[in-house]
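Working notes, structure below.
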Amino acid sequence: MVLSGKRQTDLIRLCQELIRRPSLSGKEREVALFTAEIMRSVGYDDVTIDAYGNVIGRIFFATPGKRLLFESQMDHVDPGIPTDWSYYPYGAFIKNGCIYGRGASDQKGCLAAMIMAGAALKEDQHKNLQGEIVVAGTVFQERFEGISSRAVALSYPPDFVVIGEASQLEVERGQRGRAEIVIETQGRMAHSAQPEYGTNAADAMTRILSSIHCSFKPDSDPYLGQGILVLTNLRTFPEFTNGMVPQVCKATYDLRLLPYDTPEKILDRLQIIVNTKKNDMEGIRALIYISATEDRCYTGAPIRGKHFARAWVLPEDSFYLKKVLEGVEKAGLAPRLSESPGFGTNGCYYAGEMGIPTVAFGPSCRELAHTVDEYIEIEQLALAYRGYCGIAESILS
C-alpha cells in the first residue's frame, strides 16, 4: 500500500506522540487513553479497554472471515538517567531521519505503524478483504510476559497473530522461552564464632550450585539454538546481619527454554540434582520452584503470574508463514526470513500456550531495545506500515 504524504506525516506524528507519553509497566494509563482516542478518530469500528488496561481496536470487513491480530506492547523499561541521553528520552526529537526516545524501537514504532495500517485498510474498502483486524496495545509486557495477552486472546480469539518486534523488517518465526527458577536452602542460625551450632544454608547452596554447574546441560534446538542456564542472583537471610550463620539462602537462575520444555520437566531435572546433593548434607532442607510476581495494573486490577514463558517455533513450511512472506513482498519489501530467533515477546502465550500461528515483524533492530539514545529510523517505520498492510491483505483476501 502506497504511503501518501499525509499518511506518512500522520504516522510520524503518532509515533512521536506515543513516545512523549511515559508508560512504565503499570503506569500506561496516559498512553492507553491516547491510543484508544486515536483508534476511534481514524475509524476503528470498535475500541475497548479491558480490565488489565489493554487497548483493543477492531476493524470489520464486509464479508465474515478470519481474525488477524496485530499486537504491540505499550509499556517500556525505565530510561535511566535522562542526562545520559543525547536527547530527552520522552521528547521524540527527530534528527537525521530518526525519532529518538524510550520505546521508539521497543515497541511504540510498531504500535503506531499497526494502528495506521489498520486505518488505511479500513479506508480503502475496495481491497475486498474478509474477516476482521484486531490491533492491541498491551500492558505489563516487560514484567509479565504473555499474561495480559491472555485477556486479549480470551476476548477476541485470533486465528493468526503478528507481534510487533524490532526485527529489521525480517519475519521471525520463533523465540526461546524463559523461566526464572529459584532454589532455596534452609538450615539453622548460629553465631559465626560458633558455626558448629548451626547449619549453614549458604555453604549448602554453594555445593548444590557446583553440582548443577557440572551436571545440568540444557538441550538444543535446530532453529532456536542452545538452551541457557545462568545464575543471576544469590542472597542469604536474614539480610544485613554480621556474625551469623545464614538460615536461608536463595539462588535465582534464568533459564532460556526450548519448545518441548515444560515446568514439570525442568523442575524434575533440577530436583534430581538438588536431592542427590541435599542427601549428603545433614540438617538441610532444599526447595526448588518457579518464581512468581504480583502487581497492580493502572486500572486497579491485580496482575500475577509465574515467570515461565514458553518457547515457540512456527514451522518453516507453515501456510501462514508463506502468506506472511507473500504479503511482505507484495508490499514492496524484501521477503526476508530471520535466520535467528527473536527476543521474548507475548508470542509465548499466543504460540507457546495456545498454538496459534504467530510471527514477529517490525521496524528497527533489536540491539536498540533498552538502550540509551534508543531511536527508530523513519524509513523503517514507513516500511513496517507497508509490511503490516501487505500481511493483512495476504491473509484476509
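In our numbering, the protein residues as written are 21 to 417. Each residue gets a CB set at the ideal place from its N, CA and C atoms; glycine is no exception.
For E314, which of R305, I308, H327 and A306 has the nearest alpha-carbon? H327
Alpha helix (DSSP H) segments (min. 4 residues) lying fully within the segment 228-301: 283-298
So the candidates are I396, A404 and L416; which of them puts its Cα closest to the Cα of K115? I396
Which residue or residues does DSSP assign as beta-bridge partners of E192? A380
Rounded Cβ spacing between K142 and I79 (contact assumed at less than 8 Å): 5 Å
Would you give the residue range spanned by the alpha helix (DSSP H) that Q36 belongs to? G25 to I39
Selection from G263, V172 and S240 that minimises the alpha carbon distance to Q214: G263
Between P99 and the rest of its own chain, which residues show a CB-CB distance below 6 Å, the 5 nearest in sequence each way excluded? P109 and R122
For the 8 Å Cβ check, are there 3 or more pairs between the segment 171-189 and the segment 126-135? yes
Pull up the distance between the alpha-carbon of R193 and that of I248, whole angstroms please. 20 Å
Please report the residue range of the beta strand (DSSP E) in which C118 lies. C118 to Y120
List the DSSP bridge partners of T83. Q150
Per the DSSP calculation, L44 is bridged to which residue(s)? H96
Assuming S212 and V265 form a contact by the criterion Cβ under 8 Å, report the distance between their Cβ atoms to the nearest whole angstrom. 6 Å
With a 10 Å radius around its C-beta and 16 neighbouring C-beta atoms as the bar for buried, classify T296 as buried or exposed. exposed
Do A331 and L277 come within 7 Å of each other at the CB atom, strictly closer than that value? yes
Might you give, ordered along the chain, the residues of its own chain that have their beta carbon closer than 6 Å to the beta carbon of T55, omitting 5 neighbours on each side? V75 and G157
Name the two residues that bound the continuous alpha helix (DSSP H) containing Q400. I398 to L416
I'd like to check one pair, R198 with A329: are the Cβ atoms closer than 7 Å? yes
Taking all protein chains shown into account, do 16 or more other C-beta atoms lie within 10 angstroms of the C-beta of F260, making it buried, or fewer, making it exposed? exposed
Can you check which of these residues, M374, Q246, P102 and P355, is closest to L403 by C-alpha distance? P355
Contacting residues, own chain, Cβ-Cβ under 7 Å from G63 (five flanking each side not counted): A139, K142 and E143
A112 vs Q28 beta-carbon contact at 7 Å: no
What's the C-alpha gap between A389 and I323? 24 Å
To the nearest angstrom, how far is it from the Cα of S92 to the Cα of I167? 14 Å
Segments assigned alpha helix (DSSP H), at least 4 residues, entirely inside the segment 152-228: 167-175
Taking the CB atoms as reference points, tell me whether Y340 and F180 lie closer together than 7 Å. yes
In this structure, does DSSP put G320 in helix, strand or coil? coil
Strictly by DSSP, which residues pair up with E314? R324
Nearest-angstrom beta carbon gap, Y408 and A133 [assumed within contact, 8 Å]: 6 Å
Under 8 Å Cβ to Cβ from D393, same chain only, skipping five residues before and after it: list those, please. W105, S106, Y107 and Y120
Measuring straight from C-alpha to C-alpha, what distance separates T319 and S338? 38 Å
Reduced DSSP secondary structure (H/G/I, E/B, other) of E143: helix
Would you kindly check if the distance between the Cβ of I304 and the Cβ of A224 is under 7 Å? yes
Would you check if the distance between the CB atom of L244 and the CB atom of R196 is smaller than 7 Å? yes
Please confirm whether Q191 and F381 have their CB atoms less than 7 Å apart. Checking the sequence shown, residue 191 turns out to be Val, not Gln. Yes; because the gap between Cβ atoms is below 7 Å, this pair is in contact.
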